[in-house]
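Numbering (this note's numbering), first residue to last: 2 to 539.
Virtual Cβ for every residue (Gly too), placed ideally from N, Cα, C.
None of these values were measured; they are calculated from a predicted model.
Heads up: the structure comes next, in structure tokens.
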Amino acid sequence: MRSMLYFAWRSGTIFPGSYPCAWHSRGYCYRGQRKKEELLNIGDEKFHLRHRDGVCGDEQGSSSGDAEAKMYSEENKFEKVGLGVDNEDIQDFVRLPEETFIDFSPGGTLKEDDDNDDGQSQQYAHSNRRKKSVEEIKHEADRVFEILQQDGPGFSVSSALDQLQLKVSNSLIREVLLRILVMLNNANSLRCAKLAYKFFVWSGQQAGHKHNSNSYNLIMKVFSEAKELKAMCRLADEMTDKGLPITACTFNILICSCGEAGMARTVVERFIKSKNFNYRPFKHSFNAILYSLLTMNQYRLVEWVHQKMLLDGYSPDVLTFNVVLRAKYMLGKLDQFHRLLDDMGKNGFAPDLHTYNLMLHVLGRSNKPLSALELLNYMDEIGCNPSVLHFTTLIDGLSRAGNIEACRYFYDEMVKKGCDPDVVCYTVMITSYVIAGEFDKGYEIFQDMLARGQLPNVYTYNAIIRGLCITGKFDEACTMVKDMNRSGCTPNFSVYSSLVGRLRNSGKVSQANDVIKYMIESGHYLHLTNRFKGYKRC
Numbered sequence: 002m003r004s005m006l007y008f009a010w011r012s013g014t015i016f017p018g019s020y021p022c023a024w025h026s027r028g029y030c031y032r033g034q035r036k037k038e039e040l041l042n043i044g045d046e047k048f049h050l051r052h053r054d055g056v057c058g059d060e061q062g063s064s065s066g067d068a069e070a071k072m073y074s075e076e077n078k079f080e081k082v083g084l085g086v087d088n089e090d091i092q093d094f095v096r097l098p099e100e101t102f103i104d105f106s107p108g109g110t111l112k113e114d115d116d117n118d119d120g121q122s123q124q125y126a127h128s129n130r131r132k133k134s135v136e137e138i139k140h141e142a143d144r145v146f147e148i149l150q151q152d153g154p155g156f157s158v159s160s161a162l163d164q165l166q167l168k169v170s171n172s173l174i175r176e177v178l179l180r181i182l183v184m185l186n187n188a189n190s191l192r193c194a195k196l197a198y199k200f201f202v203w204s205g206q207q208a209g210h211k212h213n214s215n216s217y218n219l220i221m222k223v224f225s226e227a228k229e230l231k232a233m234c235r236l237a238d239e240m241t242d243k244g245l246p247i248t249a250c251t252f253n254i255l256i257c258s259c260g261e262a263g264m265a266r267t268v269v270e271r272f273i274k275s276k277n278f279n280y281r282p283f284k285h286s287f288n289a290i291l292y293s294l295l296t297m298n299q300y301r302l303v304e305w306v307h308q309k310m311l312l313d314g315y316s317p318d319v320l321t322f323n324v325v326l327r328a329k330y331m332l333g334k335l336d337q338f339h340r341l342l343d344d345m346g347k348n349g350f351a352p353d354l355h356t357y358n359l360m361l362h363v364l365g366r367s368n369k370p371l372s373a374l375e376l377l378n379y380m381d382e383i384g385c386n387p388s389v390l391h392f393t394t395l396i397d398g399l400s401r402a403g404n405i406e407a408c409r410y411f412y413d414e415m416v417k418k419g420c421d422p423d424v425v426c427y428t429v430m431i432t433s434y435v436i437a438g439e440f441d442k443g444y445e446i447f448q449d450m451l452a453r454g455q456l457p458n459v460y461t462y463n464a465i466i467r468g469l470c471i472t473g474k475f476d477e478a479c480t481m482v483k484d485m486n487r488s489g490c491t492p493n494f495s496v497y498s499s500l501v502g503r504l505r506n507s508g509k510v511s512q513a514n515d516v517i518k519y520m521i522e523s524g525h526y527l528h529l530t531n532r533f534k535g536y537k538r539c
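Quick look at the structure:
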């Protein structure tokens with residue numbers, strides 16, 4: 002029988018006393034005493050072997066609320082003050098978003114373009130692709146769009162469209178509606194919605210054509226952008242009446258639109274009751290809804306749907322637990338996070354790679370490197386080998402907790418295990434060193450990255466440029482912005498604004514103006530030029 006691990010919840014920390022409380026079918030063993038002793042001196046966390054004794058007992062420590070408050074107060078302190086970097090340095094420093102590390106896919110892919118159309122619609126699309134090239138469809142869409150723009154008193158759009166004698170296809174509808182979406186703004190939103198609907202009705206009346214889910218989703222997107230919510234909801238009803246599958250894209254459009262109007266729960270409840278909510282690869286609508294809400298950062302709705310799921314008698318699976326665990330973490334409800342982990346084990350579900358990834362990140366942010374090491378070792382023992390993502394997730398969490406020594410330890414351990422760092426891992430390490438005020442070490446990592454053929458991304462360059470500025474190497478920073486641009490990695494506005502601000506603060510106003518001029522000449526962020534106070538274009 003496969004070894005099963007149950008994680009206990011105690012006092013608002015995943016592993017009480019920095020150690021996991023584990024019960025499983027085989028003995029819990031270390032991978033060697035050396036690693037444990039090496040880690041004893043990492044960071045401010047004080048480790049003693051006796052901490053392992055009695056971790057499964059009834060002794061209570063501080064309350065979970067206190068533990069949460071402590072974790073987040075320390076985190077905020079680090080984010081604002083930093084180590085070796087002043088407040089301004091931290092304030093304008095851009096880390097890789099946390100979602101980079103704790104996002105997950107349930108399996109399979111879902112493209113918005115094909116959006117789970119029914120079989121008949123797919124056959125139409127396949128037939129049309131053979132008959133018409135993409136360029137032909139775009140040309141026809143341009144002709145339709147020109148006619149729609151002429152709409153007004155005394156002009157019949159439907160008659161003008163009939164004269165084109167077009168063979169309507171879902172591809173043509175998509176091209177036309179996308180053009181309307183691009184044109185739509187606050188001033189013309191109502192007109193765009195009317196034009197889109199006229200075309201949608203006309204195309205639906207043409208012989209041999211049936212609208213598919215994707216066409217409905219696009220017209221609903223137009224109504225959503227135009228704030229025509231009642232019309233949008235009527236189209237959703239029409240989809241249901243015609244038996245078309247309600248897809249993830251439909252769900253996202255409705256939730257994003259109705260959420261702003263305070264109707265999100267009503268919409269979600271409707272989807273829960275829906276019998277034709279079709280979202281591969283999910284087995285039932287609850288998981289589909291939970292995952293969709295997670296991708297939209299609707300964490301409180303995730304909690305609400307999870308409760309309804311349990312009340313309705315549906316049993317959660319590993320995916321359910323992973324989604325809700327992440328929602329609890331993002332809401333800062335760490336006590337509930339740990340209870341949920343415990344429930345997962347009690348229900349007979351072993352953590353998967355996604356679960357372990359989230360656990361490692363939480364351990365990192367809680368500054369518990371020894372607990373993280375034990376978890377990594379346990380993963381090895383059960384054949385769930387940690388990948389570069391798991392190590393990077395842990396390193397990022399430890400970096401946010403300010404434990405740069407532990408970051409380096411796990412980076413070295415990862416390399417020893419033959420797990421090569423990727424661009425994200427390199428970037429996290431570089432960023433960690435820059436924030437910690439150890440730019441030289443970060444630059445060494447950067448050089449190693451280039452030597453191994455890894456191409457920097459915008460976050461990598463961002464970290465190095467800021468590190469150069471912090472150390473007063475402004476000429477090199479300006480040169481790197483240009484090198485970055487030449488390599489095809491466009492600097493984001495944060496890079497420009499940070500560099501300009503630091504140059505000005507150092508009295509290098511002329512050089513700062515040169516950077517702004519270079520940004521403008523490169524055609525970057527022209528609409529944001531007014532944010533540079535005092536700059537006047539010649």
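Is the Cβ-Cβ distance between residue 363 and residue 328 less than 8 Å?
Counted from its first residue, the sequence shown places residue 363 at position 362. Counted from its first residue, the sequence shown places residue 328 at position 327. In this structure, residue 328 does not lie closer than 8 Å to residue 363 by Cβ.
What's the call for residue 202, buried or exposed, on a 16-neighbour Cβ count within 10 Å?
Residue numbering aside, residue 202 sits at position 201 when the sequence shown is read from its first letter. Exposed, because fewer than 16 other Cβ atoms sit within 10 Å of the Cβ of residue 202.
With a CB to CB cut of under 8 Å and the five nearest residues on each side skipped, what residues in its chain are close to residue 517?
The residue you call residue 517 lines up with position 516 of the sequence shown. Hits under 8 Å: 497, 501, 530, 533 and 536.
What separation, rounded to the nearest whole angstrom, lies between the Cα atoms of residue 472 and residue 177?
Reading the sequence shown from its first residue, position 471 is the one you call residue 472. Reading the sequence shown from its first residue, position 176 is the one you call residue 177. For residue 472 and residue 177, the distance between alpha carbons rounds to 53 Å.
Would you mind sorting residue 222 into buried or exposed? The rule is 16 or more other CB atoms within 10 Å of its CB.
Position 221 of the sequence shown, counting from 1, holds the residue named residue 222. By the neighbour-count definition (other C-beta atoms within 10 Å, threshold 16), residue 222 is a buried residue.
Indicate whether the contact test is met: 3 or more Cβ pairs, each with one atom in the stretch 397 to 417 and one in the stretch 361 to 378, closer than 8 Å.
yes
Please name the residue or residues paired with residue 153 in a DSSP beta bridge.
Mapped onto the sequence shown, residue 153 falls at position 152. Paired residue(s): 156.
The alpha helix (DSSP H) with residue 204 in it runs from where to where?
Within the sequence shown, residue 204 is the residue found at index 203, counting from 1. Taken as a continuous stretch (DSSP letters only), the alpha helix (DSSP H) holding residue 204 covers 190 to 205.
Within its chain, find whatever has a CB closer than 8 Å to the CB of residue 265; leave out the 5 residues flanking it on each side and keep chain order.
Sequence index remark: in the sequence shown, residue 265 carries index 264 (1-based). Excluding positions up to five away in sequence, the list reads 256, 259, 299 and 302.
What's the C-alpha gap between residue 527 and residue 495?
Taking the sequence shown and counting its residues from 1, the one referred to as residue 527 is at position 526. Taking the sequence shown and counting its residues from 1, the one referred to as residue 495 is at position 494. Straight-line spacing of the CA atoms in residue 527 and residue 495 works out to 14 Å.
So the candidates are 158, 155, 156 and 169; which of them puts its Cα closest to the Cα of residue 139?
By one-based count along the sequence shown, residue 139 stands at place 138. Measuring from the Cα of residue 139, the nearest candidate turns out to be 169.
Go to residue 307, then tell me how far its alpha helix (DSSP H) extends in each direction, as first and last residue.
The residue you call residue 307 lines up with position 306 of the sequence shown. Per DSSP, residue 307 belongs to the alpha helix (DSSP H) from 300 to 312.
So, helix, strand or coil for residue 383, using DSSP?
Against the sequence shown, residue 383 aligns to sequence position 382. If DSSP states are grouped into helix, strand and coil, residue 383 belongs with coil.
With distances taken Cα to Cα, identify the nearest neighbour of residue 219 among 163, 250 and 229.
For the purposes of this step, residue 219 is taken as the residue at position 218 of the sequence shown. Comparing Cα-Cα distances from residue 219 to each of 163, 250 and 229, the minimum goes to 250.
Since residue 455 contacts residue 484 with CB under 8 Å, what's their CB separation in whole angstroms?
Your numbering for residue 455 matches position 454 in the sequence shown. Your numbering for residue 484 matches position 483 in the sequence shown. In this structure residue 455 does not touch residue 484 by the C-beta definition: roughly 16 Å separates them, more than the 8 Å allowed.
Among residues of its own chain, excluding the 5 on either side of residue 161, which ones have a beta-carbon nearer than 8 Å to its beta-carbon?
Counting from one through the sequence shown, the residue named residue 161 turns up at place 160. Excluding sequence neighbours, residue 161 sits near 148 and 151.
Using DSSP with H/G/I as helix, E/B as strand and the rest coil, what is residue 213?
Walking along the sequence shown from the start, residue 213 turns up at place 212. The answer is coil: DSSP assigns residue 213 none of H, G, I, E or B.
Here's the rule: buried if 16 or more other CB atoms are within 10 angstroms of the residue's CB, otherwise exposed. What is residue 156?
In the sequence shown, the residue the question calls residue 156 occupies position 155. By the neighbour-count rule (16 or more Cβ atoms within 10 Å), residue 156 is not buried but exposed.
Any contact of the stretch 326 to 345 with the stretch 381 to 398, i.e. 3+ C-beta pairs under 8 Å?
With a cut-off of 8 Å, the stretch 381 to 398 and the stretch 326 to 345 do not count as touching, because too few Cβ pairs lie within range.
What did DSSP end up calling residue 226 once you bin it into helix, strand or coil?
In the sequence shown, residue 226 corresponds to position 225, counting from 1. Reduced to three states, the DSSP call for residue 226 is helix.
Using only CA atoms, which one of 320, 325 and 369 lies nearest to residue 351?
In the sequence shown, the residue the question calls residue 351 occupies position 350. Among 320, 325 and 369, the Cα nearest to that of residue 351 is on 320.
For residue 437, which three-state DSSP category applies?
Taking the sequence shown and counting its residues from 1, one reaches residue 437 at position 436. Coil.
From which residue to which residue does the alpha helix (DSSP H) around residue 460 run?
Taking the first residue of the sequence shown as 1, we reach residue 460 at position 459. First-last of the alpha helix (DSSP H) with residue 460: 459 to 471.
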